[in-house]
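Residue numbers (the working numbering): 3 to 450.
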Ligand code: PA5
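Right, dumping it as structure tokens:
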């Protein structure tokens, strides 16, 4: 196959000229080359760069084997993780799975649910109640192995599983994905004898979807991980530094968004017209927000699901402060066809659409919105995905990762660290009086 996802910046050019974009071609190329030479900031976290093309057959077969075991034994699989150890898997699974399959009694794959991505007591209680009497397994993902949210959820779920099936069987139903040598999860997994996968040292959380972090849950969900890897490998070649700027969609996107940022468009809204892409946008927000939001600069990343949010945020986008631009994820062809039926009475007045595809209506909403938003001062970047399939999602993942690396270098930051994430943890540990935080505990009490 390998039709390709495409980028169209035509509806940006009345805000930022083509000359301005092209004037940055050399800079984008230089940033792309810097990534590949490994000479830029954060160069110890570039393991994602050539990851797709280096994934081995043995590795994929092993992931598929573990996934098959979990599928065979479990009605439900709980994926425990947060941030980069959670969003990639959920983004892909929700983009490519039937939206209502989890409600079917005769489904062929386990229901995938998530834990450790929040500390909501009601959420974990309701999840544990849901799991009662069901056969379930756990994929516990934490690179550091010490993150509070997943550690807390795993402690509860592990005890529930052991109480239900016994310690001996529970260990066959738990998979740990963590650091090769360090961290509490690594120690625990070794001691308990869990099947373990390693997150490479040089791949940061938000770039880890094509490691076991994403691939194992995705395979458990019954999706074709080989096609995802094939799509990503294809995009690895399409965005290599050797590919001319005019054809290099990662360089083009990186330059365009930075030029818009410089022109005062400080907020990028990722819009989709397909609700299955909701979590893809959540993944994208982390990828760009955590990579670029530092040193008091960086585009703020937001997302909307259209047409749903046209009835909530549409007013702000059309007429609010003119500091936004929009990047639209447009799926060219749905996987299913539904036609508008004829109705004798036509009380809803929709017979003018009879025989038309629902997607035709959606596309006209998309086009109408694009024109209205551009008229309203919102530049529009369009990314077209031929269809929601494993291959195209693989392409999209790598495209956004590559563009993110280039874009961060254009902005002048280290796109691969996240020093700001520690601030809340430090305060939380101080407030919780975690061992080792006694002094901070005393100090923070004075501020309350
Ligand atoms: O991208 C990141 O680095 C973060 O979002 C982490 O993935 C997240 O904080 C979870 O960390 P860990 O996998 O160490 O539990």
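Think of the CB as a built atom: it goes at the ideal place given N, C-alpha and C, for glycine as much as any other residue. Because the structure is a prediction, the values reported are computed rather than measured.
Within the DSSP bridge table, the entry for residue 389 names 335 as partners.
At least one heavy atom of the ligand PA5 lies less than 7 Å from the C-beta of residue 292. Excluding residues up to 5 positions away in sequence, 82, 83, 84, 151, 152 and 155 lie with their Cβ nearer than 6 Å to the Cβ of residue 118 in the same chain. Selection 412, 221 and 350 evaluated against residue 28 yields 412 as nearest (Cα-Cα). Around the beta carbon of residue 373, fewer than 16 other beta carbons sit within 10 angstroms, so the residue counts as exposed. Counting only runs of 3 or more residues that sit fully inside the stretch 345 to 390, the beta strand (DSSP E) segments are 382 to 389, in chain order. As DSSP reads the structure, residue 140 sits in a beta bridge with 80 and 176. Using a cutoff of 7 Å, the CB of residue 420 counts as near the ligand PA5, since one of the ligand's heavy atoms is closer than that. DSSP lists 81 as the beta-bridge partner residues of residue 116. Within its own chain, the residues whose Cβ lies closer than 6 Å to the Cβ of residue 284, once the five positions on either side in sequence are excluded, are 89, listed in chain order. Residue 361 and residue 64 have their C-alpha atoms roughly 39 Å apart. When the alpha-carbon of residue 209 is set against those of 340, 447 and 91, the nearest one is in 91. Residue pairing of residue 418 in beta bridges, as defined by DSSP: absent, with no partner found.
Counting along the chain, the unbroken beta strand (DSSP E) around residue 270 starts and ends at 269 to 274. The secondary-structure analysis by DSSP pairs residue 299 across a beta bridge with 296. Closest in alpha carbon position to residue 403, among 11, 22, 50 and 136, is 50. Close CB contacts of residue 260 within its chain, under the 8 Å cut and outside five residues either way in sequence, are with 26, 409, 412 and 413 (chain order). For residue 401, the number of other beta carbons within 10 angstroms of its own is at least 16, and it is reported as buried.
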